[in-house]
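With my numbering, the residue at position 185 of the sequence shown is 631, and numbering never jumps.
Glycine included, every Cβ here is placed at the ideal spot set by N, Cα and C.
Model, not experiment: these values are computed from the prediction.
Report on the structure given below.
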Amino acid sequence: MKRGCNSKRGQVAMEFLMTYGWAIIIILLAIAALWLLGVFSPSVSSTCQLEAPFNCQDVLIGENAVVLKIATGTDISTATVNSMTVNGQACSSIDGTLNSNQVGDIICTGLTLEEDEKTTAEITISYNRPGGLTKSVEGAISGSTTKLPVSCNDLGGATSGWHQVYPKTTSNVVKIMDVYCDMTTDGGGWTLVWSNLRGGINKPVTNMLWNDAIDTTTRTSFGTTATTPKHHSADLETFNYYIGLGFWEQFGDEIRYDWSTDYGQPLDQQMYADFSFDEANDYTIQMSNYQQKIGSVTAGLYGTHNNFPFSTLDDDNSPGCVSQHSGTPWWYESCWSGSINAGGETEASGHKNGAQWWASYNTWGVPGGQGSGNGWIYVR
């Protein structure tokens, strides 16, 4: 009798599992899917609050840095961010300036946070009013960490123009960098790293020394903010620009050269290649898989500086080419092999002024002998 009861209970249990087991499995799978989609741990929007006379307009919390956009009032003469602590970690450095009646970018670096980590932060700012005493205000930040964009290729959906990215220097310090992004050519995502226009004075690379050539952030003519480049139109004489070599490989491993082979004319040559730097050997450039996209002079440009070290006025690895080209840095094979960024200061400087190179080893890669144009370099 007892055996019969046990057998009946086992049959009931088996029927229950057969009837409801699949439903239980489906429910568990649904819960797992929702968990993977982050439903049970939704992202937290980042917020920033400051006491008057400051207004925190935006905040980005990265794993190694926090970036703030802070607006100031008209009655402030000077202001300084004295301290910022994020999840108990004090910033190793705080960079940026706050001027009267402006929006300033402030970056706190030296942090070690996890991806999607919930964060809280405290900030202290001291300031002076004209003729007044020094005062201080406090603020609070909260949110979760996110990946800070490092290059234009991280800005999916953005339009061509100026954008802010956050690469690291060679000493591993996160920097705020305003860059020009080409988001249309061949799928977009191109970061402009070098723009040289023939003619003009005070080019950003004229007489540039080695440390600046490696670590300088956005550098433009006359030390001012550059305007939108116009190298796809006939108006080419408005845009000089340079970003240090130490940042290029963070932007990508594909390099693109654009240039016009005659002064004042639209883009008519374009070359792509895979690239890398040998930093230990003076940033020797190593290119492969080059393709001529527009025009017909790839061999000269590619052949005359591939696998050659970089040279500057104070670290010339060429046979004296830098000084012969108005102090312009480049990967010189020889002083007549050319560059996309020759540095002459007047239109009359001929081949040493603008973009020029050997198309082969016995002809110039520009029409009209030694005429030369403008050059741009992008990385993706």
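Query                                                                                                                                                                  : Result
Can you look up residue 722 in the DSSP assignment and give me helix, strand or coil?                                                                                  : strand
For the alpha helix (DSSP H) holding residue 697, just list the boundary residues, first then last.                                                                    : 691-697
Assuming the contact rule is C-beta atoms closer than 8 Å, residue 533 and residue 565 should be a hit. Round their C-beta distance to whole Å, please.                : 5 Å
In terms of residue numbering, what span does the alpha helix (DSSP H) encompassing residue 659 cover?                                                                 : 656-661
Going by beta-carbon coordinates alone, are residue 525 and residue 506 separated by less than 7 Å?                                                                    : no
Per DSSP, residue 567 is paired with what?                                                                                                                             : 532 and 587
In this structure, does DSSP put residue 763 in helix, strand or coil?                                                                                                 : coil
So, do the region 573-587 and the region 597-615 have three or more beta carbon pairs nearer to each other than 8 Å?                                                   : no
Using only CA atoms, which one of 574, 539 and 555 lies nearest to residue 509?                                                                                        : 555
Identify every residue that forms a DSSP beta bridge with residue 554.                                                                                                 : 512 and 540
Where do the N-terminal and C-terminal ends of the beta strand (DSSP E) with residue 506 fall, by residue?                                                             : 500-507
Name the residue from 640, 539, 628 and 632 whose alpha carbon lies nearest to the alpha carbon of residue 617.                                                        : 539
Check whether the region 755-763 and the region 626-635 touch, using three or more Cβ-Cβ pairs below 8 Å as the test.                                                  : no
Do you know whose CA, among 767, 623, 697 and 582, lies nearest residue 570's CA?                                                                                      : 582
So who's on the other strand from residue 497, going by DSSP bridges?                                                                                                  : DSSP lists no partner for residue 497.
Looking only at C-alpha atoms, which of 785, 502 and 560 sits nearest to residue 705?                                                                                  : 785
Which residue from 751, 504 and 573 puts its Cα closest to that of residue 829?                                                                                        : Outside the shown range of the chain, which is 447 to 826, sits residue 829, and nothing can be said about it.
Considering only the beta carbon of each residue, do residue 591 and residue 606 sit closer than 7 Å?                                                                  : no
Have a look at residue 658 and residue 724 and give me their C-alpha separation to the nearest angstrom.                                                               : 18 Å
Excluding the 5 residues flanking residue 764 on each side, which residues of the same chain have their C-beta closer than 6 Å to its C-beta?                          : 757 and 778
Express the C-alpha separation of residue 627 and residue 562 in angstroms, rounding to a whole number.                                                                : 27 Å
Count the other CB atoms, across all protein chains shown, that sit within 10 Å of the CB of residue 726; report buried if there are 16 or more and exposed otherwise. : exposed
With which residues is residue 629 paired in a DSSP beta bridge?                                                                                                       : The partner list for residue 629 (beta bridge, DSSP) is empty, contrary to what the question assumes.
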